[in-house]
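These protein sequence lines are chains A and B, in that order. Per the UniProt record's numbering, residue 1 is the first one in the first sequence, and the count goes up by one each step. Per the UniProt record's numbering, residue 1 is the first one in the second sequence, and the count goes up by one each step. Here a beta-carbon is modelled for each residue, glycine too, at the ideal position from N, C-alpha and C. Remember, it's a predicted structure, so these values are computed and weren't measured experimentally.
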Amino acid sequence: MPILRFLVRRLFQGAIIVFLVSALIFTLLRIVPGDPVRLMAGGMAPEALIEQIATEMGLRDPIYEQFGRYVGGVLQGDLGQSFVRPANGAAVGGASFDDSTRSERAKVLDLIAQTAPKTIQLALLAMVFALIIAVPIGVWGGLNPGRLPDRLALYLSSLLVSLPNFWLGIVLALLLSVKLNLLPAIGYKGFAYTILPAFVLALEIAPFIIRNLSVSVAGVMGQNFIDIARVRGLTRNQIVFRHAMKNSAVPLLNLLGVQFSMLLGGVLVIEFIFDYPGLGLLTINAVMQRDFPLIQGIAVVTAAAFVLINIVVDLLATTIDPRLDY
Amino acid sequence: MSLDMVRNEVLLSVRDLSVAAEEGGGALRPILDRISFDLAPRQILSVIGESGSGKTVLARTIANWLSAPLRVTGGEVLFRGRDLLADPIHARSLAGREIAYVGGNPAGALDPTMTVGAQLVEKLRAVRPEITPAEAKDKAIRLLSAVRIPAAARRFHEYPFQYSGGMMQRAMIVDALISDPALLIADNITQPLDVTVAAQILKLMRELNAEFSTAILFICSSLPVACDASDEVMVLHQGRVVERQAPAALVTRPEHGYTRALIAELPTLWQGGPEGRDERQRRDQRAIMSVNGVSKAYETRGKSGKALVQAVRDVTFDVFPGDNFGIVGESGCGKSSLMRLLTGLERPDGGTILFEGENVGAASPARLRELRRKFQLVLQDPYGSLPPQSAIGAILEEPLKIHRIGTPAERRERARAVMSEVGLPADIYESLPTGLSAGQRQRLNVARAMILEPRLLIMDETLSALDQTEQGKLLDLFERLQAQHGFTYIFISHDMTMVRQVCSRIAVMYLGETVEVAPNERLFFEPGHPYTRALLSAAPTLEPRRYRPEDCLLDGEPPSPIDLPPGCAFASRCPSVTARCRAENPALRTRGGQALAACFLVPDPSVTFDEPMEKSDV
Numbered sequence: 001m002p003i004l005r006f007l008v009r010r011l012f013q014g015a016i017i018v019f020l021v022s023a024l025i026f027t028l029l030r031i032v033p034g035d036p037v038r039l040m041a042g043g044m045a046p047e048a049l050i051e052q053i054a055t056e057m058g059l060r061d062p063i064y065e066q067f068g069r070y071v072g073g074v075l076q077g078d079l080g081q082s083f084v085r086p087a088n089g090a091a092v093g094g095a096s097f098d099d100s101t102r103s104e105r106a107k108v109l110d111l112i113a114q115t116a117p118k119t120i121q122l123a124l125l126a127m128v129f130a131l132i133i134a135v136p137i138g139v140w141g142g143l144n145p146g147r148l149p150d151r152l153a154l155y156l157s158s159l160l161v162s163l164p165n166f167w168l169g170i171v172l173a174l175l176l177s178v179k180l181n182l183l184p185a186i187g188y189k190g191f192a193y194t195i196l197p198a199f200v201l202a203l204e205i206a207p208f209i210i211r212n213l214s215v216s217v218a219g220v221m222g223q224n225f226i227d228i229a230r231v232r233g234l235t236r237n238q239i240v241f242r243h244a245m246k247n248s249a250v251p252l253l254n255l256l257g258v259q260f261s262m263l264l265g266g267v268l269v270i271e272f273i274f275d276y277p278g279l280g281l282l283t284i285n286a287v288m289q290r291d292f293p294l295i296q297g298i299a300v301v302t303a304a305a306f307v308l309i310n311i312v313v314d315l316l317a318t319t320i321d322p323r324l325d326y
Numbered sequence: 001m002s003l004d005m006v007r008n009e010v011l012l013s014v015r016d017l018s019v020a021a022e023e024g025g026g027a028l029r030p031i032l033d034r035i036s037f038d039l040a041p042r043q044i045l046s047v048i049g050e051s052g053s054g055k056t057v058l059a060r061t062i063a064n065w066l067s068a069p070l071r072v073t074g075g076e077v078l079f080r081g082r083d084l085l086a087d088p089i090h091a092r093s094l095a096g097r098e099i100a101y102v103g104g105n106p107a108g109a110l111d112p113t114m115t116v117g118a119q120l121v122e123k124l125r126a127v128r129p130e131i132t133p134a135e136a137k138d139k140a141i142r143l144l145s146a147v148r149i150p151a152a153a154r155r156f157h158e159y160p161f162q163y164s165g166g167m168m169q170r171a172m173i174v175d176a177l178i179s180d181p182a183l184l185i186a187d188n189i190t191q192p193l194d195v196t197v198a199a200q201i202l203k204l205m206r207e208l209n210a211e212f213s214t215a216i217l218f219i220c221s222s223l224p225v226a227c228d229a230s231d232e233v234m235v236l237h238q239g240r241v242v243e244r245q246a247p248a249a250l251v252t253r254p255e256h257g258y259t260r261a262l263i264a265e266l267p268t269l270w271q272g273g274p275e276g277r278d279e280r281q282r283r284d285q286r287a288i289m290s291v292n293g294v295s296k297a298y299e300t301r302g303k304s305g306k307a308l309v310q311a312v313r314d315v316t317f318d319v320f321p322g323d324n325f326g327i328v329g330e331s332g333c334g335k336s337s338l339m340r341l342l343t344g345l346e347r348p349d350g351g352t353i354l355f356e357g358e359n360v361g362a363a364s365p366a367r368l369r370e371l372r373r374k375f376q377l378v379l380q381d382p383y384g385s386l387p388p389q390s391a392i393g394a395i396l397e398e399p400l401k402i403h404r405i406g407t408p409a410e411r412r413e414r415a416r417a418v419m420s421e422v423g424l425p426a427d428i429y430e431s432l433p434t435g436l437s438a439g440q441r442q443r444l445n446v447a448r449a450m451i452l453e454p455r456l457l458i459m460d461e462t463l464s465a466l467d468q469t470e471q472g473k474l475l476d477l478f479e480r481l482q483a484q485h486g487f488t489y490i491f492i493s494h495d496m497t498m499v500r501q502v503c504s505r506i507a508v509m510y511l512g513e514t515v516e517v518a519p520n521e522r523l524f525f526e527p528g529h530p531y532t533r534a535l536l537s538a539a540p541t542l543e544p545r546r547y548r549p550e551d552c553l554l555d556g557e558p559p560s561p562i563d564l565p566p567g568c569a570f571a572s573r574c575p576s577v578t579a580r581c582r583a584e585n586p587a588l589r590t591r592g593g594q595a596l597a598a599c600f601l602v603p604d605p606s607v608t609f610d611e612p613m614e615k616s617d618v
């Protein structure tokens, strides 16, 4: 089965990528200044206690030993425990050194499992919005290269691409939730809370899709088989919707794969602005708290997601265009 | 062809059709000038003319496929009495249904992401919605078998990229005929195909014409092909019809000066008979290049896993100093792979390539660079083979720089000398190659190759991008340079008429093997391999043929170089095939007179290819 061989090969390559990413993140985290134990134990903790805790946690061992332990855990599905977050809820950066809850710190895997679905939901909705906005404009532009629709598409995408997303997020939140009271904006209490951040993200992605589509549709429309299809007696609709769109789908698919991976990897700014409890917000907090295991865990999971999405994209591309090889 | 039939019944009638190209400032450049002709049902009419004569514009005007800047400036195109030009909606409704078009580029004619079958069904149902998908599928498969696509029911589900060029052209003919059109416009349909495949397609087209009673407008740039294909030939020259006659009459009694010139210009294969030039061969010196048992396979990775493409298999020949050695064969036969091996661009998997006694295949990279001074390569594509950003002088001096020859002033002088030798004007030394014609570009390529004063020049399809006249001029140039510098040439070509004109000794390749090596006249008048006969039978010429395609070539596709049969590779298309051919691959055997052929039909299977020099004829 060539498809099995393809999957095995790609998963193996993916595992190497994830390993390299985690090794890099692991090393960097331990090289950069800032002692997580000091943050955990609080500024008032005596130096001896810090050293004691650090030694207990193995943070004074050589980096490769720490990494070996970590990888061993990851292979068994254990991403470790958060340095700072207790299992029962709210984050407690800089708690006192004799905090009794420290013994039941949250598992990284649980933290990610709680937030990842929210981010996936946000990413998917953003993708849907982006496609709804971009596909008609992009195809329209591609069918009329150099003419008004093409130029409109270009101007629109230039405009969208130059809007800063934090500004757009704030303006839209102000307009749609505060003034018009149409949509909730801050926090998460239900699906409606996803719509506004997703829309902002969609406006950010749309220009890329528009440009990609109009260029590839224009390219396909210039090809011989489209030219000749009319002489063969096919109708304009058949030519555009069955042939031109299908042939433009492969480059679009590749773009969507990359964009979706980036959305999953955490939309830091947007989640932060809307206080949306996804991976992005988790990442920001983890970084601010020097929560090494959590940062590592997020990196490993997003790297794995990246690898998987790319495999799916390549599989889909070969079903659309059979000339492509696995 | 009776005249009354034409009078009584006219399918297509073109009256005073003029088409012009709009140029800047509203100026009109005429392309077609008051063209008038009639086409009867079931008739095949060839339209012939050189490039730029307006053939394709004529085809496209009738197919309702003109696009800016072209525009009809007058006249009518009456199809069954209704003017298509005055009624574009009616014309549009006929496209693909009553008027079908097949173009010269089958490779890009179908959507690469859909199966051929699905697209045939889609087309038929687009022009005849009353047909059900199942009926359409049946009809498509029936027609695919009618055009001799093997295993049509399976091929129906394959994608365009899985079809060879010849099969794709057949599929496009099916695509055109599937709606039972009254008129088929065939625009240069044989041009991209190999001669043997083109011969099969032409034969097929005539059969289909009889079977489906479709009238055919056959657009073509080769007079022999046009004459072969049709009931009548119409000659187009500078946008006007200059002559229309039946093929036999046209060839024997051309009325217009242009037609006469066209016929006179055609090179011939057999006319005049053997001149005895093979006798002049000198074989008592050391070979300049000796190729022995060379093979090369490339690995490809497809959906079905890894596969070996056996591009070159056991090629053996010697090239002697002063020879014009020809290597002929159709596309995919391994000519270009062999060229890469001969020039040391790649190393063979097996066998030896000796250049003046030194093994090119095993030489170190540094030694190879040294050796390349003595053998140089001239490529096919006059556009892609020259760096567009370098001045002509710089292009010529580069080889000298690479080999660290001379001072800048000396190099400059040498470049100018070579330019004048190949007939390039001296004042273009500083300009870019952008403005050069294809012929001039090939001269520049030759100049670049000979500036190092090599002993051997390898010409890989050097002339195939040029028209007849320009080819003739360059061949004269090659001859002159050979006389002056004592070059030895290896011509790699698919063009039998060119090879006949210039080569002294010729190797014929089929699917990576040399199936025959023989002196020129021996090869053309007494070929030893059935494939050579098939090639000769399909070569476009107006002469009475020594070999007829019907006798020399069976229907069928060449086998894939990935999945070669155990026996002779030509067995699937060979009319004289025996059981032994399918089981065992014949090696080259001597036929005497320095001729070798790899066929069991060659009588004396005494020894292998190492023929003694003084062996007499059988």
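Note on Lys139 (chain B): 16 or more other CB atoms within 10 angstroms of its CB, so buried under the neighbour-count rule.
Shown here for Gln271 (chain B): same chain residues with a beta carbon closer than 8 angstroms to its own, the five before and five after excluded, namely Glu543 in chain order.
At a cut-off of 9 angstroms between beta carbons, Lys123 (chain B) contacts chain A. Taking CB atoms only, Gln13 (chain A) has no neighbour in chain B less than 9 angstroms away. Scanning B:Ile506, B:Leu511, B:His529 for the CA closest to the CA of Ala518 (chain B) turns up B:Ile506.
Residues of the same chain with a CB within less than 7 angstroms of the CB of Lys189 (chain A), apart from the 5 flanking positions on each side, do not exist.
Not a single C-beta of chain A is nearer than 9 angstroms to the C-beta of Asn188 (chain B). Look at His90 (chain B) here: in three-state DSSP terms it is helix. Taking every protein chain shown into account, the CB of Arg441 (chain B) has 16 or more other CB atoms within 10 angstroms, so this residue is buried. Around the Cβ of Arg548 (chain B), a 10 Å sphere holds fewer than 16 other Cβ atoms; the residue is exposed.
Per DSSP, Thr352 (chain B) is one residue of the beta strand (DSSP E) stretching across 350-355. When B:Ala249, B:Ser221, B:Ser222 are compared, the shortest CA-CA separation from Asp231 (chain B) is found for B:Ala249. Residue state for Tyr258 (chain B) is assigned as helix, using DSSP reduced to three classes. Contact with chain A is found for Leu110 (chain B), since one of that chain's Cβ atoms lies less than 9 angstroms from the residue's Cβ.
In this structure, Ile185 (chain B) lies near Ile219 (chain B), with their beta-carbon atoms less than 9 angstroms apart. Residue contact with chain B for Leu279 (chain A): absent (no Cβ-Cβ distance below 9 angstroms to any residue of chain B).
Residue pairing of Arg71 (chain B) in beta bridges, as defined by DSSP: B:Ala20.
The Cβ atoms of Leu202 (chain B) and Thr214 (chain B) lie no closer than 9 angstroms to each other. At the C-beta level, Leu160 (chain A) and Glu204 (chain A) come within 9 angstroms of one another. Contact note: Val313 (chain A) does not reach chain B at a C-beta cutoff of 8 angstroms; the least C-beta distance is about 16 angstroms.
When the beta-carbon positions are compared, Val127 (chain B) and Ala95 (chain B) come within less than 9 angstroms of each other.
Contact check for Cys227 (chain B) against Val233 (chain B) passes: the beta carbons are separated by less than 9 angstroms. Our two residues, Gly350 (chain B) and Gly334 (chain B), have alpha carbons roughly 15 angstroms apart in a direct line. Look at Leu377 (chain B) here: in three-state DSSP terms it is strand. The shortest CA-to-CA distance from Gly166 (chain B) to any of B:Leu564, B:Arg580, B:Pro558, B:Leu601 is the one to B:Pro558. Rounded to the nearest whole angstrom, the CA to CA distance from Ala185 (chain A) to Ile270 (chain A) is 11 angstroms.
Contact of Phe161 (chain B) with chain A is assigned, a C-beta pair being separated by under 9 angstroms. In this structure, A:Val220 is the residue among A:Val220, A:Asp227, A:Arg232 with its C-alpha nearest to the C-alpha of Ala244 (chain A). 9 angstroms or more divides the Cβ of Ile25 (chain A) from the Cβ of Val37 (chain A). For Phe208 (chain A), the nearest beta carbon of chain B is not closer than 9 angstroms to its own beta carbon.
A direct Cα-to-Cα measurement between Leu294 (chain A) and Ser158 (chain A) gives close to 37 angstroms. Look at Arg9 (chain A): its C-beta is not under 9 angstroms from any C-beta on chain B. Close CB contacts of Arg533 (chain B) within its chain, under the 7 angstroms cut and outside five residues either way in sequence, are with Pro527, Tyr547, Cys552 (chain order). Excluding five sequence positions before and after Val577 (chain B), the CB atoms of its chain that fall closer than 7 angstroms to its own CB belong to Ala571, given in chain order. Taking a beta-carbon distance threshold of 9 angstroms, Pro145 (chain A) does not count as an interface residue toward chain B. When 9 angstroms is used as the limit between beta carbons, Arg236 (chain A) is near no residue of chain B, the shortest such separation being about 10 angstroms.
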